[in-house]
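Residue numbers (the numbering used here): 16 to 89.
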């Protein structure tokens with residue numbers, strides 16, 4: 016048995032959603048995100064409504080493709 020002092024893992028997964036109704040502000044912010052490259056950072060300061068909606072409606076159990084990248088191991 017080994018003890019790991021520090022483990023950093025980057026988890027990336029894809030989720031497909033369809034037939035959604037979203038508030039107008041969320042829709043606008045999602046479109047802005049797509050226009051600016053498609054990513055939202057962890058703070059979501061520029062798109063608070065979209066980030067909140069994504070956090071509430073996307074769960075890891077819904078993923079169709081998942082990857083684990085070990086970034087650090089001590």
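Yeah, the Cβ is synthetic: ideal placement off N, Cα and C, and Gly gets one too.
Cα-Cα separation, residue i to residue j
i          : j          : result
residue 21 : residue 85 : 11 angstroms
residue 45 : residue 17 : 44 angstroms
residue 65 : residue 87 : 31 angstroms
residue 32 : residue 38 : 16 angstroms
residue 42 : residue 82 : 28 angstroms
residue 54 : residue 61 : 11 angstroms
residue 56 : residue 48 : 11 angstroms
Segment limits, beta strand (DSSP E) that includes residue i
i          : result
residue 50 : First-last for residue 50: 39-50, but that is the alpha helix (DSSP H), not the beta strand (DSSP E).
residue 22 : 22-29
residue 64 : Note, residue 64: premise wrong, no beta strand (DSSP E); alpha helix (DSSP H) at 63-72.
residue 82 : 80-88
Minimum C-alpha distance to residue i - residue among the options
i          : options        : result
residue 35 : 69, 83, 51, 26 : 69
residue 58 : 67, 40, 51, 52 : 67
residue 40 : 63, 51, 26     : 63
C-beta atoms of residue i and residue j nearer than 8 angstroms
i          : j          : result
residue 30 : residue 78 : yes
N-terminal and C-terminal residue of the alpha helix (DSSP H) that residue i is part of
i          : result
residue 32 : Unbroken run through residue 32: none, as it is neither H nor E.
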